[in-house]
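See below for the structure under consideration.
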Amino acid sequence: MDMLSPLGPLPELYERVRRVVPPAEWAMFAEDIEAILELKRTRNAVILAHNYQTPEIFHCVSDIVGDSLALAREAQHVEADVIVMAGVHFMAETAKLLNPSKTVLMPDMAAGCSLADSITAADVRLLRQRYPGVPVVTYVNTSAAVKAESDMCCTSGNAKRVVESLGTDSVIMIPDEYLAQNIANETGIRMITWAGHCEVHERFTPEEIRRLRAENPGVVVLAHPECPPEVVAEADYAGSTAGMSDYVASGKASRVVLITECSMSDNLAVQHPNVEFVRPCNLCPHMKRITLPALRHSLETMSHEVTIEPHLADRARRAVDRMLAI
Ligand code: SF4
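Per our numbering, residue 1201 is the first one in the sequence shown, and the count goes up by one each step.
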């Protein structure tokens, strides 16, 4: 690292994040960032980063950023040899499903998801037996084995369109109970749900939203549909992280609070310096397992490679492809 500059040798990169990363922190990040940029070149690798990654990852080393839907769509078109997922395990599996000839790496295999962990393939088979003929829509936050038992996948960005595309009165929508309830409220379609919850979004409460409004007059509340329906009812807008990002970019609000994982506000603050972000902070412990040192180690050692058994991959890919075709 350049000892003459407190910002290290990457001042142009620091410029992108200086509103949310203090110089002292940047001094700790710069060496790993340089190493990762070099490793990406030598490994012919790209980094896909979810909106919940920290700004030094999201803005300084990533090639493709977005919500799970955007990452799935973009993963299909990656031409590099290696995809490193700065996100959680199901996102790496989805990238592997959609671009199976690539080497897909997960920097930390313990980066899971409370929703993905809430349901197994055997659970889905039981639901099908109990509700014969009812289509199964599975949130993308699930294992490949669960996707393989499903008719179609969805994300929070397209869930409404996916369930409406089926043309049925009832849908088995798993595993996120709150997302299913929120989509039922929007569409009037009867949802058979599962008791899975996102451990980040389930912590928000209507009282907290009302307190945030009282303490921050005029604030516009944007909530993720993984929040409980009574929280979504208190919000001005509900949508995926991509939907929230579009809302902020539209310039409709000068003061916002994002009812979602806290890195999202940091990443948008970088792009929208004129918007004031009120920041309640609920961290996703799984997303936060992905760090610069973990990304560097992953590229240095080419670990941990994500593979999917072929008999599962074909069936799971069908469910994801049907979603992407909508
Ligand atoms: S924020 Fe929630 S849904 Fe997203 S990875 Fe973390 S636990 Fe899973």
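For every residue, glycine included, the Cβ atom is placed at its ideal position computed from N, Cα and C.
Quiz item: For E1238, which option in G1418, E1505, E1500 and A1516 has the closest C-alpha, if you only look at C-alpha atoms?
Solution: E1500
Quiz prompt | contact_flag[the stretch 1488 to 1500, the stretch 1302 to 1315] where n(CB pairs < 8 Å) is 3 or more | solution = yes
Exercise. Would you mind working out which of A1344, R1410 and A1235 sits nearest G1418, comparing C-alpha positions?
Key: R1410
Quiz item: From L1269, D1267, S1262 and P1480, pick the residue whose C-alpha is nearest to that of I1283; which is it?
Solution: S1262
Quiz item: Cβ atoms of V1346 and I1319: under 9 Å apart, would you say?
Solution: yes
Quiz item: Does DSSP classify Y1437 as helix, strand or coil?
Solution: strand
Exercise. Name the one or two DSSP bridge partners that E1505 has.
Key: L1305
Quiz item: Under the three-state reduction of DSSP, which class applies to S1268: helix, strand or coil?
Solution: helix
Self-check item: 6 Å CB neighbourhood of V1434 in its chain, flanking five on each side removed
Solution: Going by the sequence as given, residue 1434 is Glu instead of Val. Correct list, in chain order: P1406 and I1409.
Quiz item: Given S1370, which residues of its chain have a CB within under 6 Å of its CB, disregarding the five upstream and five downstream residues?
Solution: V1334 and R1390
Quiz item: If you measure from the CB of A1316, is any heavy atom of the ligand SF4 nearer than 8 Å?
Solution: yes
Quiz item: Taking just the CA atoms, how far does H1250 sit from V1340?
Solution: 14 Å
Practice problem: Taking H1250 as part of the beta strand (DSSP E), name the residues at either end of that continuous run. | Solution: A1245 to H1250
Quiz item: Which stretch, first to last residue, makes up the alpha helix (DSSP H) that contains M1285?
Solution: From DSSP, M1285 is part of no alpha helix (DSSP H) but of the beta strand (DSSP E) over V1282 to A1286.
Quiz item: Where N1482 and E1476 are concerned, what is the direct C-alpha to C-alpha distance, given to the nearest angstrom?
Solution: 18 Å
Quiz item: Bridge partners of L1386, per DSSP?
Solution: Looking at the sequence itself, residue 1386 is Glu, so the reference to Leu does not match. Answer by DSSP bridge pairing: none, since E1386 is not bridged.
Quiz item: Is any heavy atom of the ligand SF4 found at a distance shorter than 8 Å from the C-beta of C1313?
Solution: yes
Quiz item: Hey, quick one: how far does the alpha helix (DSSP H) through Y1339 stretch, first residue to last?
Solution: No alpha helix (DSSP H) holds Y1339; the beta strand (DSSP E) holding it covers V1336 to Y1339.
Self-check item: Buried/exposed call for I1526, threshold 16 Cβ in 10 Å
Solution: exposed
Quiz item: With a cut-off of 9 Å, does the C-beta of D1351 fall near any C-beta of chain B?
Solution: Structure shown: chain B not included; a single protein chain is present.
Quiz item: Can M1487 be considered in contact with the ligand SF4, in the sense that its beta carbon sits closer than 8 Å to one or more heavy atoms?
Solution: yes
Quiz item: Mapping DSSP to helix, strand and coil, what is V1457?
Solution: strand
Exercise. Compare the Cα-Cα distances from H1504 to each of L1495, L1512, H1511 and P1223 and report the closest residue.
Key: L1495
Practice problem: Please work out which residues of its chain come closer than 7 Å, Cβ to Cβ, to R1361, disregarding the five sequence neighbours upstream and downstream, and give them in chain order. | Solution: I1526
Quiz item: Whose CA, out of H1277, A1423 and L1298, lies closest to the CA of D1521?
Solution: L1298
Quiz item: Mind checking whether the beta-carbon of N1382 lies closer than 8 Å to any heavy atom of the ligand SF4?
Solution: no
Quiz prompt | Rounded distance between the beta-carbons of P1375 and E1402, thought under 8 Å | solution = Not really, about 13 Å apart at Cβ, beyond 8 Å.
Quiz item: Is there at least one non-hydrogen atom of the ligand SF4 closer than 8 Å to the beta-carbon of Y1378?
Solution: no
Self-check item: From D1323, C1354 and A1348, residue whose alpha carbon lies closest to that of N1337
Solution: Asn is not the amino acid found at residue 1337; the sequence shown has Val there. Nearest option by C-alpha distance: C1354.
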